[in-house]
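Asks: In this text, residue positions in the sequence shown follow this note's numbering: the first is 1, and each later residue adds one. The beta-carbon is built from N, C-alpha and C at its ideal position, and this holds for glycine as well.
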Amino acid sequence: MGNFTRWFEKFVDQCDGISVYFIDDANTIFNSDIDSKVLGKYRESFCKELRSKYTNNDSFSVPMLSNFDERQHALYKYDFSPKEMPFDFNLTEEVLAYDATRVVPTYQAKHDKLSNIRASIVLLSCSALNESIAFFQYIFPVSLLGSDKGVLNITTHKTRLVELEHDVLKLNANFVFMQAKKHYFVENVNTLETRLHFKEVIHSRAHSYSSKLEELGIVEDLTKFNERIDKETSFARKLVKAYKNSAVIKDKISNEKIIEFAESQEYYSKHLKANEAGSSFKLDSIVKCKRFLELLNDNFLKSELTEQNYLARSKDLV
């Protein structure tokens, strides 16, 4: 992803335009009608945050979304199918398609409360590159201060404190995902799963991969395993990661070799036990299910320098 990171850095450094759109509960897109001077300040702050988190940060990386591992300063590139895309991906696509002649209705703040806004899209543009990036932001309740909420909300007015008469919406530089050209990059995976309903995709994929594991015959009984998929999105996500990205699967390591390795390492052998025939694992507890996923994801690594063993849940091929 070196080409993207260099392009993204150049885009942020030369960014010279911004527009902000609001999405209401009916998924209608509105022009925010924010004052141009305020937008200018927001663009500068937004780009400053992008530099701090990503383009000027040595830890910046762009792993695949299916390989999510909770590392910091990462934008996870969407690598699932188009059919599995959240609905909101269509909204950034629509905004990016706007041209100068497109008339977008203005959000009527005087008549429609800010509480009707469920999301915003920040469109940054760079005239030097003739490119734009759309950032999708989910509006959490904490971002909105309603004038009718609480016993008393006060604000400053000249030299006095007066009661707040209008809603206040706080916008920052955090986002759920961004779209650059035809590619999507996720910043907040948790919100993508819970608010944009992507966890349904994760659970569906996990069950699909569980069926494939059954075909491989590496597990004797997947009942307990499938129960964890149903109950825990984090477990389902780890299975998707392991099956979609693991070299153990891609290199078609034999069941016999996998079992032999597990039995040779105390970390695994304490929990993972083969059946009487020695051909598959018995996963009849939560701990065994978790250890099996770690084994499948090749998390157990040995340093060639120190000859010490490590669990590496975040790793990149070199």
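Which full runs of the alpha helix (DSSP H) of 4+ residues lie inside the segment 196–273, going along the chain?
Replies: 199–216, 223–231, 233–245, 247–250, 255–264, 266–269
Asks: Please go through the same chain and pick out, in chain order, the residues whose beta-carbon is closer than 7 Å to the beta-carbon of A100, but skip the five residues on each side of it.
Replies: The beta carbon of A100 sits closer than 7 Å to none of the beta carbons in its chain outside the five residues before and after it.
Asks: When DSSP labels each residue in this structure, what does L123 get in the three-state scheme?
Replies: strand
Asks: Looking at C-alpha atoms only, which residue of N31, T223, R51, N27 is the closest neighbour of Q14?
Replies: That would be R51, whose Cα lies nearest to the Cα of Q14.
Asks: Taking the beta carbon of N172 as the centre, do at least 16 other beta carbons fall within 10 Å, making it buried, or is it exposed?
Replies: exposed
Asks: By a C-beta neighbour count over all protein chains shown, 10 Å radius and 16 as the cutoff for buried, is F87 buried or exposed?
Replies: exposed
Asks: Could you name each continuous beta strand (DSSP E) segment of 3 residues or more that falls completely within the segment 25–50, going from the start of the chain to the end?
Replies: 29–31
Asks: Just to confirm before moving on: does the CB-CB distance between V142 and I121 stay below 8 Å?
Replies: no
Asks: What's the call for V103, buried or exposed, on a 16-neighbour Cβ count within 10 Å?
Replies: exposed
Asks: On the DSSP bridge list, what partners appear for K77?
Replies: M64, F185
Asks: Would you call L129 buried or exposed, if buried means 16 or more other Cβ atoms sit within 10 Å of its Cβ?
Replies: exposed
Asks: Among the residues of its own chain, which have a CB less than 6 Å from the CB of L196, if the five just before and after it don't count?
Replies: P86, D88
Asks: For a test of the three-state rule: what should DSSP assign to Q179, helix, strand or coil?
Replies: Here Q179 sits in strand by DSSP.
Asks: Is E220 closer than 8 Å to S280 when the C-beta atoms are compared?
Replies: Cβ distance < 8 Å, so S280 and E220 count as in contact.
Asks: Less than 8 Å between the beta carbons of D79 and S66, yes or no?
Replies: yes
Asks: Along the chain, where does the beta strand (DSSP E) containing Q137 start, and where does it finish?
Replies: 131–138
Asks: Just to confirm, is the Cβ distance from D69 to L114 under 8 Å?
Replies: no
Asks: Rounded to the nearest angstrom, what separates S264 and I253 at their Cα positions?
Replies: 16 Å
Asks: How many angstroms separate the CA atom of P105 from the CA atom of T28?
Replies: 9 Å
Asks: For the segment 233–247 and the segment 189–204, state whether three or more C-beta atom pairs, one from each stretch, are separated by less than 8 Å.
Replies: yes
Asks: Count the other CB atoms, across all protein chains shown, that sit within 10 Å of the CB of K288; report buried if there are 16 or more and exposed otherwise.
Replies: buried
Asks: Report yes if the CB atom of L296 is closer than 8 Å to the CB atom of A262, and no otherwise.
Replies: no
Asks: What number of angstroms, rounded off, separates the C-alpha of T191 from the C-alpha of Q137?
Replies: 10 Å
Asks: Which same chain residues end up closer than 6 Å to F225 when comparing Cβ atoms and leaving out the 5 residues on each side of it in sequence?
Replies: L283, C289
Asks: Apart from the five residues just before and just after R118, which ones in its own chain have a Cβ nearer than 7 Å to its Cβ?
Replies: I23, D24, D25, I139
Asks: State yes or no: is the C-beta of E34 within less than 8 Å of the C-beta of V12?
Replies: Correcting the residue identity first, residue 34 is Ile in this sequence and not Glu. It is not a contact, given that the beta carbons lie outside the stated cut-off.
Asks: So, for F185: in the same chain, excluding its five sequence neighbours on each side, which residues have a beta-carbon less than 6 Å away from its beta-carbon?
Replies: Answer for F185: L75, K77, M178, listed in chain order.
Asks: List the endpoints of the continuous alpha helix (DSSP H) containing T306.
Replies: No alpha helix (DSSP H) contains T306, which DSSP labels as neither H nor E.
Asks: Does the CB of E9 have a neighbour CB from chain C at under 8 Å?
Replies: Included in the structure is just one protein chain, with no chain C present.
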